[in-house]
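**Q**
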Amino acid sequence: MASLTVVKSNRPTRFRWKVKPALWRGVLSLISAAIIWELTATYLIKNRLFFAPLSAVAVRLVEMYQEGILQTDILASMQTFVVGFVLGSTVAILLGVLMALSDWARDFLDPWISAMYATPYIALAPLFVLWLGIGLASHAAVVFLGVFFPVLINTYSGLATTDRILLEVARSYNANERQLFTKVRFPAALPYIITGLRLGVARGLVGVVVAEIFGARAGLGYRLLISGNSFDTAGLFAGIFLFAFAGVISVEILKIVERRLAPWRFQANEE
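All you need for the numbering used here is the position in the sequence shown, starting with 1, plus 3.
1) If you compare alpha carbons, which of 242, 229, 200 and 39 is closest to residue 261?
2) Can you list, in chain order, the residues of its chain with a C-beta nearer than 6 angstroms to that of residue 240? Leave out the 5 residues immediately preceding and following it.
3) Have a look at residue 178 and residue 186 and give me their C-alpha separation to the nearest angstrom.
4) Taking the Cβ atom as the reference point for each residue, do residue 147 and residue 95 lie within a distance shorter than 7 angstroms?
5) Can you list, in chain order, the stretches of the alpha helix (DSSP H) that have 4 or more residues and sit fully within the region 216 to 258?
6) Going straight from the alpha carbon of residue 136 to that of residue 83, what length do you get?
7) Which residue's Cα is closest to the Cα of residue 45: 138, 57, 35 and 67?
8) When we look at the beta-carbon of residue 266 and count the other beta-carbons within 10 Å, is it buried (16 or more) or exposed?
9) Reducing DSSP to helix, strand and coil, say where residue 178 ends up.
10) Label residue 232 either buried or exposed according to how many other C-beta atoms from any shown protein chain fall within 10 Å of its C-beta, with 16 as the threshold for buried.
11) Check for me: the alpha helix (DSSP H) holding residue 53 runs from which residue to which?
12) Just to confirm, is the Cβ distance from residue 165 to residue 188 under 7 angstroms?
13) Can you tell me whether residue 123 is helix, strand or coil according to DSSP?
14) Using only the alpha-carbon positions, how far apart do residue 156 and residue 207 sit?
15) Applying the 10 Å Cβ sphere with the 16-neighbour rule, what's the burial state of residue 110?
16) Residue 149 and residue 196: beta carbons closer than 7 angstroms?
17) Between residue 131 and residue 145, which are expected to be in contact by the criterion C-beta below 8 angstroms, what is the C-beta distance as a whole number of angstroms?
18) With three or more C-beta pairs closer than 8 angstroms as the rule, is the region 30 to 44 touching the region 216 to 231?
19) With 16 as the cutoff for other CB atoms within 10 Å, does residue 175 come out buried or exposed?
20) DSSP three-state label for residue 165, please.
21) Taking the beta carbon of residue 212 as the centre, do at least 16 other beta carbons fall within 10 Å, making it buried, or is it exposed?
22) In chain order, what residues of the same chain lie with their CB nearer than 8 angstroms to the CB of residue 74, ignoring the 5 residues before and after it?
23) Counting along the chain, where does the alpha helix (DSSP H) carrying residue 95 start and finish?
24) Does DSSP put residue 156 in a helix, a strand or coil?
25) Taking its Cβ as the centre, do 16 or more other Cβ atoms sit within 10 Å of residue 88, making it buried, or is it exposed?
26) To the nearest whole angstrom, what separates the beta carbons of residue 226 and residue 238, a pair I think is in contact under 8 angstroms?
27) Give me the residue from 229, 26 and 77 with the minimum Cα distance to residue 245.
28) In chain order, what residues of the same chain have a beta carbon less than 6 angstroms from the beta carbon of residue 42, not counting five sequence neighbours either side?
Structural data, given as structure tokens:
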């Protein structure tokens, strides 16, 4: 009987970096936007009072960094956003779970939630400054309200609309209520919750700007106000750029969290 001989190749293994097309498209989009921005400011809108070129914005950011202003403002705004976002999302998720599990709690809280949600939270910023003073507490309270409602509504919607077939299948295997919640309802609601958190990021960043404009001594929102009052267009765009960058980073972090907690949502697209 013939024997087979396996010969190992001495050729070095080549490692290939696989970059997703979505990443390339995103990078291409950013590069294109930067080129269009610079060309528009250079050749179309030459008045620097109305539109600052990207190069001038970059120079302004470097100047702010060298003066120590940038670090102080970023730290102040980050502290406000993190405190408000963590507290707002935590309380919202807990109340959303409570409302989904208890009809009594839902009926009791629903009128208050509807009334508060219909009230522009920006209008409450002066009240928070009056009640809590100029500082972290009043600023975080504005962010809290901005984050709270989208997370609460999405959490409740996700838990209340769980597929009944999944619940019936779990009950057929003698799953108790705790197991139904931890193994079926909450995992099924995760995409809704993550979507609420993404919406909360945007509204929370708006809350940071509003809170710091109404009363602050530091922060990116405060810097936007100062730049606007002094007609510093490059400084205005620098602040807007930093807020946009913070939003992108926050959303990307949430995407990573979603991939870890709900990987099944991405498996179909990756196969």
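Even for Gly, the Cβ is constructed at its ideal location relative to N, Cα and C.
**A** Looking at the atomic coordinates:
1) On the sequence shown, residue 261 is found 258 positions in, with the first residue counted as 1. Residue 200 is the option with its Cα nearest to residue 261.
2) Position 237 of the sequence shown, counted from the first residue, corresponds to residue 240. For residue 240, where only same-chain residues beyond five positions count, the Cβ hits under 6 angstroms are 55 and 60.
3) Against the sequence shown, residue 178 aligns to sequence position 175. Against the sequence shown, residue 186 aligns to sequence position 183. If I take the Cα positions, the gap works out to 9 angstroms.
4) For the purposes of this step, residue 147 is taken as the residue at position 144 of the sequence shown. For the purposes of this step, residue 95 is taken as the residue at position 92 of the sequence shown. Not a contact, by the Cβ cut-off of 7 angstroms.
5) 223 to 232
6) Working through the sequence shown from its first residue, we reach residue 136 at position 133. Working through the sequence shown from its first residue, we reach residue 83 at position 80. Their backbone Cα atoms lie some 14 angstroms apart in a straight line.
7) Position 42 of the sequence shown, counting from 1, holds the residue named residue 45. For the residues 138, 57, 35 and 67, the minimum Cα distance to residue 45 belongs to 57.
8) Indexing the sequence shown from 1 puts residue 266 at position 263. With fewer than 16 Cβ atoms within 10 Å of its Cβ, residue 266 is classed as exposed.
9) Here residue 178 corresponds to residue number 175 of the sequence shown, with the count starting at 1. Residue 178: coil per DSSP, three-state reduction.
10) For the purposes of this step, residue 232 is taken as residue 229 along the sequence shown, with counting starting at 1. Exposed, because fewer than 16 other Cβ atoms sit within 10 Å of the Cβ of residue 232.
11) Working through the sequence shown from its first residue, we reach residue 53 at position 50. Here residue 53 belongs to no alpha helix (DSSP H), and DSSP marks it neither H nor E.
12) Working through the sequence shown from its first residue, we reach residue 165 at position 162. Working through the sequence shown from its first residue, we reach residue 188 at position 185. Yes, these two residues count as a Cβ contact at 7 angstroms.
13) Reading the sequence shown from its first residue, position 120 is the one you call residue 123. In this structure, residue 123 counts as coil in the three-state DSSP scheme.
14) Sequence index remark: in the sequence shown, residue 156 carries index 153 (1-based). Sequence index remark: in the sequence shown, residue 207 carries index 204 (1-based). The straight-line gap from Cα to Cα measures roughly 16 angstroms.
15) Within the sequence shown, the letter at position 107 stands for residue 110. Exposed, by the Cβ-count rule.
16) Here residue 149 refers to the residue found at position 146 when the sequence shown is read from its first residue. Here residue 196 refers to the residue found at position 193 when the sequence shown is read from its first residue. Not closer than 7 angstroms, so no.
17) Start at 1 with the first residue of the sequence shown, and residue 131 comes out as number 128. Start at 1 with the first residue of the sequence shown, and residue 145 comes out as number 142. Right, the Cβ-Cβ distance comes to about 6 angstroms (below 8 angstroms), so this counts as a contact.
18) no
19) Here residue 175 corresponds to residue number 172 of the sequence shown, with the count starting at 1. Exposed, because fewer than 16 other Cβ atoms sit within 10 Å of the Cβ of residue 175.
20) Counting from 1 along the sequence shown, the entry for residue 165 is found at position 162. Residue 165: coil per DSSP, three-state reduction.
21) What you label residue 212 is simply residue 209 of the sequence shown in a count that begins at 1. Label assigned to residue 212: buried.
22) Counted from its first residue, the sequence shown places residue 74 at position 71. Within the same chain, residue 74 has close Cβ partners 68.
23) For the purposes of this step, residue 95 is taken as residue 92 along the sequence shown, with counting starting at 1. Looking at the DSSP string, the run of the alpha helix (DSSP H) that includes residue 95 is 72 to 104.
24) Within the sequence shown, residue 156 is the residue found at index 153, counting from 1. Note: residue 156 maps to helix in three-state DSSP.
25) Residue 88 sits at position 85 when you count from the first residue of the sequence shown. Buried is the call here.
26) Working through the sequence shown from its first residue, we reach residue 226 at position 223. Working through the sequence shown from its first residue, we reach residue 238 at position 235. Indeed they touch by this definition, with Cβ atoms about 7 angstroms apart.
27) Residue 245 sits at position 242 when you count from the first residue of the sequence shown. The candidate whose alpha carbon is nearest that of residue 245 is 77.
28) Counting from 1 along the sequence shown, the entry for residue 42 is found at position 39. Within the same chain, residue 42 has no close Cβ partners at all.
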